[in-house]
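Asks:
Protein chains: 2
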Amino acid sequence: MPTLATSQVQPLTPRDPRLAPWRAFVMAQAHVSRRLDEDLRAEHGLSLQEYVALLILVEAPDHRLRMGRLAELLTLSKSGATRLIDRLVDDGLVGRVTCSSDLRGAEAALTEAGVARLRTAAPTHLRGIAEYFLSAIDAEDIPVVERTMRAVGDRACGTRGRA
Amino acid sequence: MPTLATSQVQPLTPRDPRLAPWRAFVMAQAHVSRRLDEDLRAEHGLSLQEYVALLILVEAPDHRLRMGRLAELLTLSKSGATRLIDRLVDDGLVGRVTCSSDLRGAEAALTEAGVARLRTAAPTHLRGIAEYFLSAIDAEDIPVVERTMRAVGDRACGTRGRA
DNA sequence: GGAGCGTCGTTGACCCCGCAACGAGTCGGG
DNA sequence: CCCGACTCGTTGCGGGGTCAACGACGCTCC
Numbered sequence: 000m001p002t003l004a005t006s007q008v009q010p011l012t013p014r015d016p017r018l019a020p021w022r023a024f025v026m027a028q029a030h031v032s033r034r035l036d037e038d039l040r041a042e043h044g045l046s047l048q049e050y051v052a053l054l055i056l057v058e059a060p061d062h063r064l065r066m067g068r069l070a071e072l073l074t075l076s077k078s079g080a081t082r083l084i085d086r087l088v089d090d091g092l093v094g095r096v097t098c099s100s101d102l103r104g105a106e107a108a109l110t111e112a113g114v115a116r117l118r119t120a121a122p123t124h125l126r127g128i129a130e131y132f133l134s135a136i137d138a139e140d141i142p143v144v145e146r147t148m149r150a151v152g153d154r155a156c157g158t159r160g161r162a
Numbered sequence: 000m001p002t003l004a005t006s007q008v009q010p011l012t013p014r015d016p017r018l019a020p021w022r023a024f025v026m027a028q029a030h031v032s033r034r035l036d037e038d039l040r041a042e043h044g045l046s047l048q049e050y051v052a053l054l055i056l057v058e059a060p061d062h063r064l065r066m067g068r069l070a071e072l073l074t075l076s077k078s079g080a081t082r083l084i085d086r087l088v089d090d091g092l093v094g095r096v097t098c099s100s101d102l103r104g105a106e107a108a109l110t111e112a113g114v115a116r117l118r119t120a121a122p123t124h125l126r127g128i129a130e131y132f133l134s135a136i137d138a139e140d141i142p143v144v145e146r147t148m149r150a151v152g153d154r155a156c157g158t159r160g161r162a
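Going line by line, the protein sequences match chains A and B.
If you read the first sequence in numbering that gives the first Met the number 0, its first letter stands for residue 0, the second for the next number, and so on.
If you read the second sequence in numbering that gives the first Met the number 0, its first letter stands for residue 0, the second for the next number, and so on.
1) Expressed to the nearest angstrom, what Euclidean distance is found between the alpha-carbon atoms of Arg-65/A and Leu-109/A?
2) Let me know if Pro-20/A comes out buried or exposed under the rule of 16 or more other beta-carbons within 10 Å of its beta-carbon.
3) Could you compute how far the alpha carbon of Val-107/A sits from the alpha carbon of Arg-118/A?
4) Is Leu-133/A buried or exposed, if buried means 16 or more other CB atoms sit within 10 Å of its CB?
5) Between Leu-133/B and chain A, is there a C-beta pair that is closer than 8 Å?
6) DSSP state of Glu-106/A, grouped into three classes?
7) Return the CA-CA distance between Ile-128/B and Asp-140/B, expressed in angstroms with no decimal places.
8) Return the residues of the segment 137-150 of chain B that lie within a Cβ-Cβ distance of less than 7 Å from chain A, sorted by chain order.
9) Can you confirm whether the segment 75-84 of chain A touches the segment 26-36 of chain A when touching is taken to mean that 3 or more C-beta pairs between the two stretches lie within less than 8 Å?
10) Confirm, please, whether the CB-CB distance from Gly-152/B to Met-26/A is below 8 Å.
11) Can you name, in chain order, every residue of its own chain whose Cβ lies under 7 Å from the Cβ of Arg-40/B, other than the five neighbours on each side?
12) What is the rounded straight-line gap between the Cα of Ala-112/A and the Cα of Arg-34/A?
13) Please confirm whether any heavy atom of the ligand MG lies closer than 7 Å to the CB of Glu-71/B.
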């Protein structure tokens, strides 16, 4: 395989037909996330971001995570993570714990209420994914979607800074 | 074909492996749009939304569009569109015109400066799409991506309101 | 032809996020 | 030791978004 610097698919101009998949991708994302967010807010009073934060925490060892790591996983700035956790703390869904191994660090830890809230909200989220995303894709195409999306994510994430 | 209510791919539980493509999709979108936004801001002082607004306008007949329609195409609320156009007007990139056929309607119209700005910013955007998105996908997979993303977009957009 | 209802875009209040600056804590070298 | 340089999370500020309420206008029907 050629290790061509970065893209080299061809320079790409406006009105190029290869923009079609890109536009479809953008629209898909916009509509699906909006739907998932609406459903969670309407049925459980949680934004999609808040739900994902709880989800990330429940999958972490001890149901706790350093703020910095949490910010990364949420693709959020550090301050964004701080304020998101602030809200969840106010709602009693997570607690703040000072990190044992690093006194300047803080950890967010899921409370019992947080676990419970997540459990009741999960069906809504999962139903949304099935209804808006998975059910629109032919079964045979799913592996391709997974592979390509993973490649895109890695490429856009990995090529950090340097060309 | 079965007209099964909505999803019926299978109820879907947490930790289901079918969530993998969904997660990859979410990460891909997050990283790619962030990159495109950063690049446009750094090189042209435009947010991705502002760029897309200009792009939509340039593709419209007469380079003008009703506010409502613009909001739809941007997947934005009406007030969101109003404020976005406000900024572009302040920058001199678009102008406001009262709609000829409906006195309560307003239209946004691209100025010469807007067209010019779009033209200079386009290469950055197109390069980003090629580099972060297209070049990560095998050529043979691109049609599948386009087809599936279109299907997902339509499904999440079309099933408006009613089950 | 005016009354009532729907639609269009804007505005005010509020929410959420990123950036830059900060205080607190860690770590390595003199 | 202790002093600088770095890292961690929080905070002030400002940008950008939504929702609800509004004024202006179009439309229909009596």
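Glycine is no exception: its CB is placed at the ideal position from the N, C-alpha and C atoms.
Replies: According to the structure shown:
1) Residue 65/A sits at position 66 when you count from the first residue of the first sequence. Residue 109/A sits at position 110 when you count from the first residue of the first sequence. For Arg-65/A and Leu-109/A, the distance between alpha carbons rounds to 12 Å.
2) Taking the first residue of the first sequence as position 1, residue 20/A is located at position 21. The residue is buried, with at least 16 neighbouring Cβ atoms inside 10 Å.
3) Locating residue 107/A in the first sequence gives position 108, counting from the first residue. Locating residue 118/A in the first sequence gives position 119, counting from the first residue. In the sequence under discussion, the amino acid at residue 107/A is Ala, which differs from the Val named in the question. The alpha-carbon atoms of Ala-107/A and Arg-118/A are separated by roughly 18 Å.
4) Along the first sequence, read from residue 1 onward, the residue named residue 133/A stands at position 134. The residue is buried, with at least 16 neighbouring Cβ atoms inside 10 Å.
5) Translated into positions along the second sequence, residue 133/B becomes position 134. It does: the Cβ of Leu-133/B has a partner Cβ on chain A nearer than 8 Å.
6) Within the first sequence, the letter at position 107 stands for residue 106/A. Residue state, collapsed to three classes: strand.
7) Reading the second sequence from its first residue, position 129 is the one you call residue 128/B. Reading the second sequence from its first residue, position 141 is the one you call residue 140/B. Their backbone Cα atoms lie some 16 Å apart in a straight line.
8) Asp-140, Ile-141, Val-143, Val-144, Glu-145, Thr-147, Met-148, Arg-149 and Ala-150
9) no
10) The sequence position of residue 26/A within the first sequence is 27, counting from 1. The sequence position of residue 152/B within the second sequence is 153, counting from 1. Against a cut-off of 8 Å, the Cβ pair of Gly-152/B and Met-26/A comes out as a contact.
11) Residue numbering aside, residue 40/B sits at position 41 when the second sequence is read from its first letter. Answer for Arg-40/B: Ser-46, listed in chain order.
12) Looking up residue 112/A in the first sequence gives position 113. Looking up residue 34/A in the first sequence gives position 35. In a straight line, the C-alpha of Ala-112/A is about 25 Å away from that of Arg-34/A.
13) As for the ligand MG, it is missing from this structure, which has no ligand bound.
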